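Written below as structure tokens is the structure these notes are about.
In the working numbering, the protein residues as written are 2 to 149.
So, in structure tokens, the structure goes:
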């Protein structure tokens, strides 16, 4: 009986898919941190580079190219609503206990523009500032090189 109730609670929880650049060190560190937070939603993290390997249908994704997906993080709701960049971060914050209060700040005149600008500024320099990992290093798991 307890497992049914737990499953029912799980089914009611909001589900968000978070698409990110799996070769970006900043992105990988951000995802690790987001996984540690207590979210009221079920967050599913998928590297853009692994999209074809997930046999999951992601609503409204057909309208977005892989190049666009790699320019910023995208958060997809189950109804197909798509949030990108700073708006995606804010969408996740709305589900995180202790950080929810930050989300309404995005609606304050001037702050949305500033947040979007900062996101684009940092995202455009993320490889230069934080580096890029191997294509084989999704989710922080890297292939080991040969030993000499």
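Cβ coordinates follow ideal geometry from the N, Cα and C atoms, glycine included.
A quick note: this is a predicted structure, and the numbers were derived from the prediction, not measured.
Among 5, 92, 122, nearest to residue 18 - alpha-carbon criterion
92
What's the call for residue 71, buried or exposed, on a 16-neighbour Cβ count within 10 Å?
buried
Residue ranges of each beta strand (DSSP E) run of no fewer than 3 residues wholly in the region 53-111, ordered along the chain?
75-78, 83-85
Going by DSSP, what residue range makes up the alpha helix (DSSP H) through residue 36?
26-37
According to DSSP, which residues form a beta bridge with residue 123?
Note: residue 123 sits in no beta bridge, so no partner.
Since residue 16 is in the beta strand (DSSP E), which residue starts that stretch and which ends it?
16-21
Would you be able to state if there are at least three C-beta pairs under 8 Å between the region 46-55 and the region 96-104?
no
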